[in-house]
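Below: one structure, written as structure tokens.
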Amino acid sequence: MSDNIVSLSPVRDQLFLAREQRLMAQLAAHPRLIVSFSGRMESCYAMELCRAAGVSVRAFTVDSPNRSRRDIARSRRYCEYHGIDQVLIKSEEMIFFDHDGIATQAPDPVRWLSRFRDAHPGLATIPLLVAASVEDAEAYRAHFGPPPANTLWTFAEEGMTTRDFRYGFHQRQLAVWGSNETGCLSLRFSSEEDMDGDRLRMVDMAEQILADMGLPEARVFFHYLSDGETMLGRVRVDERELATAFDRREEILGALQACGFDLVTLDLHRMAHDHALEQCRP
1 MSDNIVSLSP VRDQLFLARE QRLMAQLAAH PRLIVSFSGR MESCYAMELC
51 RAAGVSVRAF TVDSPNRSRR DIARSRRYCE YHGIDQVLIK SEEMIFFDHD
101 GIATQAPDPV RWLSRFRDAH PGLATIPLLV AASVEDAEAY RAHFGPPPAN
151 TLWTFAEEGM TTRDFRYGFH QRQLAVWGSN ETGCLSLRFS SEEDMDGDRL
201 RMVDMAEQIL ADMGLPEARV FFHYLSDGET MLGRVRVDER ELATAFDRRE
251 EILGALQACG FDLVTLDLHR MAHDHALEQC RP
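Shown next as structure tokens:
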């Protein structure tokens, strides 16, 4: 059976609930935990069980170029709603926490977070809970060796697979905090050579400004023109936001030029052509 298909079975439900009780009992042994909270389904489910077990939690969320914007937004909504102290850590490094990405990178994601925790005396003694599946834990150990001290791998040790996490995620209806659609900032660039810290910040800032303007689904794509210097920002909005985008097109132009883009176009999603807002330098 595909990992993307979750069967509905009363027996499976009973076994899964029994495993949840064991997990919560283990988590409850720690009065305080720092949770590696990416907003992915694994970390959402882990956070939910920590709350159910009565554990006092603090969330560490890494916002790096390869992180999905949807995951970051989901983590923020979850923490705001439940009153969880969230530390959002901005990084220009490509940091992977899943088994598909771990083997491709140099930075050790768990040691990276552990160093950040240990640099703050008030947090250094609190265990870091890694919401890793069996597959994630195996990939981590194969690539980085034994994990650092004072980290917990409770879910992997209990035998939770990616498929099990998916089952728990949907059983607890955690999709209410946002979809699983990807939207990494690194995907906003047509070439990896164009991507650096300054350009990533430009795109991130532009999307945050557009969200504040009432366009939360807007995406900004970075391009260099043929001269290799002129920077084009392609703004893509979906059909629900088109009217707002047209009404505020002058504001959009000014906002993106303030971020550093030379030219700005409005990309009408699902239509065959772009409409230029203006074809001049600021």
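Quick note on the UniProt record's numbering: the sequence shown kicks off at 1 and runs consecutively.
Glycine residues also receive a C-beta, built at the ideal position from the N, C-alpha and C atoms.
Given the structure is predicted, the values throughout are model-derived calculations rather than measurements.
Query: Continuous alpha helix (DSSP H) assignments of at least 4 residues falling wholly in the stretch 108 to 143; Result: 109 to 118
Query: Host beta strand (DSSP E) of histidine 223 (start-end); Result: 219 to 224
Query: Which listed residue (Tyr78, Lys90, Tyr81) has its alpha carbon closest to that of serine 64; Result: Lys90
Query: Sequence-distant residues of the same chain with beta carbon closer than 6 Å to threonine 161, five excluded per side; Result: Ser133, Val134
Query: Nonlocal neighbours in the same chain, by C-beta distance under 8 Å from alanine 211, ignoring five residues either side; Result: Ala218
Query: Residue(s) in a DSSP beta bridge with serine 36; Result: Phe60
Query: The stretch 153 to 171 in contact with the stretch 188 to 205 per 3-pair CB rule at 8 Å; Result: no
Query: Distance, leucine 256 Cα to leucine 215 Cα; Result: 13 Å
Query: Beta-carbon proximity list for alanine 52, same chain, < 7 Å, skipping 5 on both sides; Result: Met24
Query: Buried or exposed (CB count within 10 angstroms, at least 16 for buried), leucine 225; Result: exposed
Query: The beta strand (DSSP E) enclosing glycine 233, as first and last residue numbers; Result: 231 to 237
Query: Close Cβ partners of phenylalanine 165 (< 7 Å) along its chain, the five nearest in sequence each way excluded; Result: Met41, Glu42, Tyr45, Ser133
Query: As assigned by DSSP and simplified to three states, the class of leucine 215; Result: coil
Query: Assigned exposure category for arginine 234 - 16 Cβ within 10 Å defines buried; Result: buried
Query: Integer Cβ distance of leucine 266 from alanine 245, believed to fall under 8 Å; Result: 6 Å
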